[in-house]
Structure formats: C-alpha cells, structure tokens
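Here the structure is laid out as structure tokens; the discussion comes afterwards.
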Amino acid sequence: MCRPRNKGELGLLDPRLQQHTLQLRWLNPLLLPSDGFVDSILFPRLVDWILHCTATSTTDSAEHWSRLDCRLAFLFSSLWPSSLTGFYSVCFLLFQATDTLPQSFNSVVARPASWLCLPLSEVVVPSEDSPISSTLLRKPCSLLYEFDSTSQRLQRKSDSQLHAHPTLCRHFLKQVRTNRVRLRPFFCRAFIPPAFASLGSTPFLPSPSPLIVNATPLIQSLGFVIDGEDILMFSKDYRSLVAAPGTSSQLSSVKWKFFCNLPLSHYDRIVWYRILSYKILCRATLHSLIPSFFDSAICSLCGTEDDILEHFLWLCPLKLTVWSSIWFTHFKTAFSLTALSQSIHSLEFSTPLGSSFNSESFSIICSTMSSIWRAHWSFISLILLLSRSPLLLLLHAKFFHRIMSH
-11 MCRPRNKGEL
-1 GLLDPRLQQH
9 TLQLRWLNPL
19 LLPSDGFVDS
29 ILFPRLVDWI
39 LHCTATSTTD
49 SAEHWSRLDC
59 RLAFLFSSLW
69 PSSLTGFYSV
79 CFLLFQATDT
89 LPQSFNSVVA
99 RPASWLCLPL
109 SEVVVPSEDS
119 PISSTLLRKP
129 CSLLYEFDST
139 SQRLQRKSDS
149 QLHAHPTLCR
159 HFLKQVRTNR
169 VRLRPFFCRA
179 FIPPAFASLG
189 STPFLPSPSP
199 LIVNATPLIQ
209 SLGFVIDGED
219 ILMFSKDYRS
229 LVAAPGTSSQ
239 LSSVKWKFFC
249 NLPLSHYDRI
259 VWYRILSYKI
269 LCRATLHSLI
279 PSFFDSAICS
289 LCGTEDDILE
299 HFLWLCPLKL
309 TVWSSIWFTH
319 FKTAFSLTAL
329 SQSIHSLEFS
339 TPLGSSFNSE
349 SFSIICSTMS
359 SIWRAHWSFI
369 SLILLLSRSP
379 LLLLLHAKFF
389 HRIMSH
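Note that this note's numbering numbers the sequence shown so that position 183 is 171, with each residue one more than the last.
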C-alpha cells in the first residue's frame, strides 16, 4: 500500500515510518563521537544522562559503564536503559528509529573493547538445543572474556578470574568449547591474532587502539555515512532501508500503468493483481504458515504434487487441461507453459484468433484465471468436483457476455 504507484501499490504515507524518519534530526548528531559535541550545549548533557540511566539500571560495575560508548545503546536493544524505554520517554522514538533499521553486524570489524561491552545475548546464536541462563545472557561479555595485550586478541578468562556466577560461566565456556553454543562471526573475529587476520576465506584488517570502545563501525553498517566529521543519514536513505517489502513482481512502471488501464472488472483485477504480486494463498503457503491446520502441501485437486504457485495456476493436471483447451481455441500460437507464464506474469500476450469473439488477449487470459480461481475455491469450500466441461462452458459464456456488454 505504501510503495510508489509505479511499483504496483498506492503510494500512501506510512505514519510509523514518517515518525521514525523525523528522528534523524536528533540521531545524526547523537551518533557522532563524543568529541564532536564541542559546539553543542544540549547533546553532551543528553549523552551523560543516557549513560547515567544505563548505569543506574544495572547491577554491573561502574567501571564497566564508565568506558561504554553511549551510542551502543542505540544499536542494541538489550542495552536500552529501562527508565528510557517507556512510551513517554524522550528517547523512546530514537531507540525505535534505530531498532527498525535492518541490522547485520556479521561483517563488521570493530575494536575488541567494543564487543566486551555487549551483553552475551547479543553475541550468542540462539539455539533451543543448548539453553543458556537468562541471568548470564544479561551480563556483559567482559564477565567471561578479556583482551590479551600480548597476543592482541580476546581470550577467555581463567577459572580463578570468574568471580561472578562462576558455575554458570564455566558451564557456558564449556558449551562454547564443545561447539554446543555458537558465537556470532563478528565476535569470533576478535579472537583471531592480527598476524592471521589476512588469512582464511574472510580476511580482515584489525582495528587500531583495541582497548578503546568505538561504535562508529557498527553505526556505518546500519547505513549512516561519515561525511568529514559528521555522521549522516538522509530521510530518503532511511525510508529505502526500512520500507516494508513490496511486491516481488519485476514489472516495469510502464507495465503497471498498462495493467491499471486494462478494462477489467473489480473481481478480475484483484485476482490478477494478487498473482502479479505473488500473494496467492496456495496450499504450500498455507501449510508453511499454519501447519497445524493445513497438515500437507499436496494439491487438494490432483493429490500428486505440492500446491506451489505455478501448480496452483496451471501445472495441476485439471487446470492444465483447461488452459490448453482455451489456448487452442482462442490463440494462433501453439500452447506452451512459457507463453502462458509470460502472459500472466509479464503481460506479454500472444495473438488471438480472428474468430475468437474479437476478444482481446488479456480478456481471454483474465477470464480463464478468474474462472479457475473461483472453481478452485468452490471445490475447497463446498467440496465440489472441478471438471473440465462445465468450466469450459462457463468460460465461453463469460467471453460472450463480455463482448455483448461492449
């Protein structure tokens, strides 16, 4: 609904997206490094307040939060201070705006100290086979790991250094060692010595100053760009990143305009639009969404193959017989699945026969589609038999009625 009309939708304004986009006026300066606030009176105090709320909302040591880059709180929801996440908090919309951005830090190379500030829940790949204590997941990675200045990489702490929750920590480290718990790639990269960083299938350049927390590489991975000393994201870029995915159709804007101008009934246009946008609830889709109700993806009509989109539209033997008969009766070219697919999905029609009631190609295709659609769901809902002859009679009557109405 909210994508442009030349993409097959209505171009409506998404109020939630618009509200998040307005937060860029605050996010762009807030995501600057702390030394970029020299000309501002408000932002340094706002950053100090966020850090204060973060420190007072946790039982972790003050030393841990004193070295935290406050910008990390905007990137990881587990770092949000509880006092700032309320609906009426001034930071609520700021946190929501960054949380809406697609996040994938797997290829990010950041300073090891930055990863030590994160809770374990952010660096562990979730798995139902190896549950981890929720208490431990809320703790920072620095509880179990430390930076080794000799090898210039992260390493696990020795058992004598595990002062808080030692039993839980040792159990977690054992699960990691036996590969029962997996760590995310960006965190594992910090355990590789710099001398070996250029080796392997994914070489990388180690970050300088590993003991300084710096969230800038993560901020850049979200789509913010460094412009001189400023970190910027324009509203157009934000909308393109977080806009809801539209249709999967590859139709050009010219083809969409052609489709919108076709003289179709409301019912026929809806059916065809759902096919063009790949939003057909065939049985395979229903089975993946509601497996408890649709216990199988097998076609209800033929009972031989999975009812995927192509099978739903024409590959089912009963429907294929109807399509081939209609094609032989009304088109000059020989019937083929490629020609049928191009007519339905690409709006590239074959030439109809001169004796075909003077029907346009799109009228023949659309009438057949909507009639098969109606017959299919009649069979599903009323348990009626989909047979070839009555459906062909219905289609010919529909063609004749369309011509007479013009």
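Don't be surprised by glycine CBs; every beta carbon is placed ideally from N, CA and C.
Let's see if you can read the secondary structure: which residues bound the alpha helix (DSSP H) around serine 87?
Per the sequence shown, the amino acid found at residue 87 is aspartate instead of serine. It spans 80 to 88 - the alpha helix (DSSP H) in which aspartate 87 sits, taken as one unbroken run.
Please report the straight-line C-alpha distance between proline 194 and phenylalanine 184, rounded to a whole angstrom.
Between proline 194 and phenylalanine 184, the C-alpha separation is close to 10 angstroms.
Which value, in whole angstroms, describes the spacing of the CA atoms of glutamine 163 and asparagine 202?
In this structure, the alpha-carbon of glutamine 163 lies about 29 angstroms from that of asparagine 202.
Proximal residues to asparagine 94 (C-beta, below 7 angstroms), its chain only, five neighbours per side dropped
Arg172, Pro173, Phe174
Any contact of the segment 103 to 115 with the segment 147 to 154, i.e. 3+ C-beta pairs under 8 angstroms?
no
Kindly confirm or deny that the segment 98 to 112 and the segment 120 to 139 touch, where touching means at least three C-beta pairs closer than 8 angstroms.
yes
Counting beta carbon pairs with one atom in the segment 275 to 290 and one in the segment 252 to 261, are three or more of them shorter than 8 angstroms?
no
Valine 78 vs cysteine 58 beta-carbon contact at 8 angstroms:
no
Quick check on cysteine 304: buried or exposed, where buried means 16 or more other Cβ atoms within 10 Å of its Cβ?
Per the 10 Å Cβ criterion, buried.
In chain order, each alpha helix (DSSP H) run of at least 4 residues that lies wholly inside the segment 104 to 154
122 to 125
With DSSP as the reference, label valine 411 as helix, strand or coil.
Nothing can be reported for residue 411, as the shown portion of the chain is limited to -11 through 394.
Which residues does DSSP list as the beta-bridge partners of aspartate 294?
Ile286
Do leucine 156 and leucine 124 have their CB atoms nearer than 8 angstroms?
yes
Please classify threonine 339 as buried or exposed, where buried requires at least 16 neighbouring CB atoms within 10 angstroms.
With a 10 Å radius around the Cβ and a threshold of 16 neighbouring Cβ atoms, threonine 339 comes out exposed.
Within this structure, are the beta carbons of leucine 82 and glutamine 11 separated by less than 8 angstroms?
Going by beta carbons, leucine 82 and glutamine 11 fall inside the 8 angstroms limit.
Which residue wins for smallest C-alpha separation from phenylalanine 222, given the options Pro3, Ala363, Arg13, Arg4?
Arg13
Please go through the same chain and pick out, in chain order, the residues whose beta-carbon is closer than 8 angstroms to the beta-carbon of arginine 4, but skip the five residues on each side of it.
none
First and last residue of the alpha helix (DSSP H) that includes tyrosine 76?
Per DSSP, tyrosine 76 lies in no alpha helix (DSSP H) and is assigned neither H nor E.
Report the residue from Ile120, Leu104, Thr86 whose alpha carbon sits nearest the alpha carbon of leucine 199.
Leu104
Enumerate in chain order the residues of its own chain whose CB-to-CB distance from phenylalanine 64 is below 7 angstroms, with the five nearest sequence positions on each side excluded.
Leu106, Glu110
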